[in-house]
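Notes follow once the structure below has been shown.
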Amino acid sequence: MISTEHDREQIATALATGADDYVSKPFTSDLLARKLVELGVCGDAAVRTVTRRPIRVFVCDDSHTIRSVLTATLATDPDIRVAGSAVNGQACLDALASELPDVVLLDVEMPVMDGLSALREIRRRHPRLPVVMFSSLTERGAKATVDALVAGANDYVAKPSGLNPEDVAARIRSEVITRIKALVPRGEPVAALRAGDQPRVAVPARPASTATRGQVRGVVIATSTGGPAALAEVLPGFVAAASGVPVLVVQHMPATFTGRLAESLGKLCGVPVREAAEGVAVKGGEILLAPGGRHMLLAGTAVEPRIRLTDDPPENSCRPAADVLFRSAARLWGSGTLAVVLTGMGRDGLQGSRAIVEAGGSVIAQDEFTSVVWGMPGEVARAGIAAAVLPLGQIGVEVALRLRKRG
Numbered sequence: 003m004i005s006t007e008h009d010r011e012q013i014a015t016a017l018a019t020g021a022d023d024y025v026s027k028p029f030t031s032d033l034l035a036r037k038l039v040e041l042g043v044c045g046d047a048a049v050r051t052v053t054r055r056p057i058r059v060f061v062c063d064d065s066h067t068i069r070s071v072l073t074a075t076l077a078t079d080p081d082i083r084v085a086g087s088a089v090n091g092q093a094c095l096d097a098l099a100s101e102l103p104d105v106v107l108l109d110v111e112m113p114v115m116d117g118l119s120a121l122r123e124i125r126r127r128h129p130r131l132p133v134v135m136f137s138s139l140t141e142r143g144a145k146a147t148v149d150a151l152v153a154g155a156n157d158y159v160a161k162p163s164g165l166n167p168e169d170v171a172a173r174i175r176s177e178v179i180t181r182i183k184a185l186v187p188r189g190e191p192v193a194a195l196r197a198g199d200q201p202r203v204a205v206p207a208r209p210a211s212t213a214t215r216g217q218v219r220g221v222v223i224a225t226s227t228g229g230p231a232a233l234a235e236v237l238p239g240f241v242a243a244a245s246g247v248p249v250l251v252v253q254h255m256p257a258t259f260t261g262r263l264a265e266s267l268g269k270l271c272g273v274p275v276r277e278a279a280e281g282v283a284v285k286g287g288e289i290l291l292a293p294g295g296r297h298m299l300l301a302g303t304a305v306e307p308r309i310r311l312t313d314d315p316p317e318n319s320c321r322p323a324a325d326v327l328f329r330s331a332a333r334l335w336g337s338g339t340l341a342v343v344l345t346g347m348g349r350d351g352l353q354g355s356r357a358i359v360e361a362g363g364s365v366i367a368q369d370e371f372t373s374v375v376w377g378m379p380g381e382v383a384r385a386g387i388a389a390a391v392l393p394l395g396q397i398g399v400e401v402a403l404r405l406r407k408r409g
């Protein structure tokens, strides 16, 4: 059956009537081949053939210079093909209606329709289409980018100051291409997976009986790529149950953005969300976010913890690093530590999660299907140290349940 993503009732009726499966319009050759293989109509060779094609990228930016440099630089990578370009958000939406790429590079500030408005409409029409914001680090650009990330943008890259083509090209090679390939791995029919085929990956999980039995004294959260939107869903799901428990978050993000993210999350959660500062008391009922560019850890005592910020070398190429926070939580709160590892690239949080489990605490990891990038939570899940591996929509509820059991 061929339908649109919005016709859920018709799809359900058709499947109940006898349809074997469905694809949503607009669909790709990847998705169609995967469905045919699953139904036994054709062999695996069909999928292998279509997955060798380059990653198709759509570029949307009102600057002719940026569009030209993006197109030229991306074209130098054999794994990437520029599928089209647009000068504003409305033109981007019009183009996506006829052909769906693998990923969209979207400017924030544009005439006619800005990037945030376009993103919201993309998310309404194509909830799982990867979108990377390409924005300036100005105050206005930072605020708009954070708003976009909370609204569901998968990642962002900061534009270099000025429009020097060589600087822009260098940023594209070092950051944009890396993020594109993380969101759309080669050899994986991502369009098919993101259209609804949940992968069946077996990962070990610690039995529920080994989860924290004692009082939860603090919640620590780690996330990176896709984190702002994940936090915007998870935090409101348990803040009411965390009135007496502090919550500390490491989100890999530049200093320009973390304050804006704290402000945005505070509006969503209805509780104080602050960028952490050196020496502040860690109190229940508030959420502290690690400032960009600095490690955040717990100091003081379990009864009177305080924030310590350091400029120590990056860990896992990250500063702030979740491992730093997690290790300090394990030392201070021991078995009272509850950790959550959400979507993100790399393996930050793995060693810290080990320390928490060894101290008697527990760790919850986001599952693969709902993660933008299953790097950080995937490492924890595959290591067998997660008490639970859950879809994003269930994590807030699970944390709330564990918090309500305390005492």
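Residue numbering for the sequence shown follows my numbering, beginning at 3 and increasing consecutively. Cβ coordinates follow ideal geometry from the N, Cα and C atoms, glycine included.
With 16 other CB atoms within 10 Å as the buried threshold, where does residue i fall?
i: Asn166; result: exposed
i: Thr147; result: buried
i: Gly281; result: exposed
i: Arg410; result: Because the chain here runs from 3 to 409, residue 410 falls outside it and cannot be looked at.
i: Arg126; result: exposed
i: His66; result: exposed
i: Asp96; result: exposed
i: Glu381; result: buried
i: Gly164; result: exposed
i: Gly386; result: exposed
i: Asp313; result: exposed
i: Ile4; result: exposed
i: Pro187; result: exposed
i: Glu370; result: buried
i: Ala232; result: buried
i: Ala172; result: exposed
i: Ser319; result: exposed
i: Ala85; result: buried
For the alpha helix (DSSP H) containing residue i, name the first residue and the last one.
i: Met378; result: Met378 to Arg384
i: Asp64; result: Taken as a continuous stretch (DSSP letters only), Asp64 belongs to no alpha helix (DSSP H), as it is neither H nor E.
i: Asp169; result: Pro167 to Arg173
i: Leu237; result: Careful: Leu237 lies outside any alpha helix (DSSP H) and carries neither H nor E.
i: Phe259; result: Ala257 to Cys271
i: Asp96; result: Gly91 to Leu98
i: Val359; result: Leu352 to Glu360
i: Ala331; result: Ala324 to Trp335
i: Gly302; result: Taken as a continuous stretch (DSSP letters only), Gly302 belongs to no alpha helix (DSSP H), being part of the beta strand (DSSP E) at His297 to Gly302.
Confirm the yes/no value for this check: CB of residue i, any heavy atom of the ligand SAM, distance under 7 Å.
i: Gly348; result: Questions concerning the ligand SAM fall outside what the structure shown contains, since it holds no ligand whatsoever.
Given this structure, state the Cα-to-Cα distance separating residue i from residue j, to the nearest angstrom.
i: Pro256; j: Ala389; result: 31 Å
i: Val273; j: Gly287; result: 7 Å
i: Ala93; j: Ile124; result: 12 Å
i: Gly268; j: Pro230; result: 12 Å
i: Val89; j: Pro113; result: 8 Å
i: Val284; j: Ile309; result: 7 Å
i: Pro315; j: Ala324; result: 13 Å
i: Ala361; j: Ala332; result: 6 Å
i: Arg181; j: Leu299; result: 28 Å
i: Pro63; j: Glu265; result: Note on residue identity: the sequence assigns Asp, not Pro, to residue 63. Cα to Cα, Asp63 sits roughly 27 Å from Glu265.
i: Val374; j: Ala184; result: 9 Å
i: Arg396; j: Pro238; result: Note on residue identity: the sequence assigns Gln, not Arg, to residue 396. Cα to Cα, the separation comes out at about 12 Å.
i: Gln217; j: Asp109; result: 46 Å
i: Ala341; j: Ala74; result: 43 Å
i: Val152; j: Leu352; result: 25 Å
i: Ile68; j: Gly336; result: 50 Å
i: Arg219; j: Gly338; result: 5 Å
i: Leu394; j: Ile223; result: 13 Å
i: Val159; j: Ala150; result: 12 Å
i: Arg356; j: Trp376; result: 18 Å
i: Ala120; j: Ala99; result: 13 Å
i: Leu392; j: Glu168; result: 43 Å
i: Glu177; j: Val170; result: 10 Å
i: Ala301; j: Glu141; result: 32 Å
i: Ala367; j: Leu263; result: 22 Å
i: Gly117; j: Gly91; result: 6 Å
Can you tell me where the beta strand (DSSP E) holding residue i begins and where it ends?
i: Arg310; result: Pro307 to Thr312
i: Ile82; result: Ile82 to Ala88
i: Asp149; result: Not the beta strand (DSSP E): Asp149 falls in the alpha helix (DSSP H), residues Glu141 to Ala153.
i: Glu277; result: Val275 to Glu277
i: Leu107; result: Val105 to Asp109
i: Thr339; result: Thr339 to Val343
i: Leu290; result: Ile289 to Leu291
i: Phe136; result: Val133 to Ser137
i: Gly398; result: Careful: Gly398 lies outside any beta strand (DSSP E), inside the alpha helix (DSSP H) at Leu394 to Arg406.
i: Thr227; result: Unbroken run through Thr227: none, as it is neither H nor E.
Below 8 Å on the Cβ atoms is my guess for residue i versus residue j; work out the distance and round it to an integer in Å.
i: Val236; j: Leu291; result: With a Cβ gap of about 14 Å, Val236 and Leu291 do not count as contacting.
i: Pro293; j: Glu277; result: 5 Å
i: Phe328; j: Gly354; result: 2 Å
i: Asn156; j: Gly228; result: 5 Å
i: Leu76; j: Ile174; result: 7 Å
With a cut-off of 8 Å, do at least 3 Cβ pairs link the stretch 127 to 139 to the stretch 89 to 107? Yes, they touch.
Would you check if there are 3 or more beta carbon pairs closer than 8 Å linking the stretch 299 to 311 to the stretch 341 to 352? With contact defined as three or more Cβ pairs closer than 8 Å, the stretch 299 to 311 and the stretch 341 to 352 are not in contact.
Are the stretch 243 to 263 and the stretch 398 to 409 in contact at 8 Å, needing three or more beta carbon pairs? Contact between the stretch 243 to 263 and the stretch 398 to 409 is present, because at least three Cβ pairs lie under 8 Å.
Below 8 Å, can you find three or more Cβ-Cβ pairs linking the stretch 78 to 89 to the stretch 53 to 68? Result yes; three or more Cβ-Cβ pairs closer than 8 Å.
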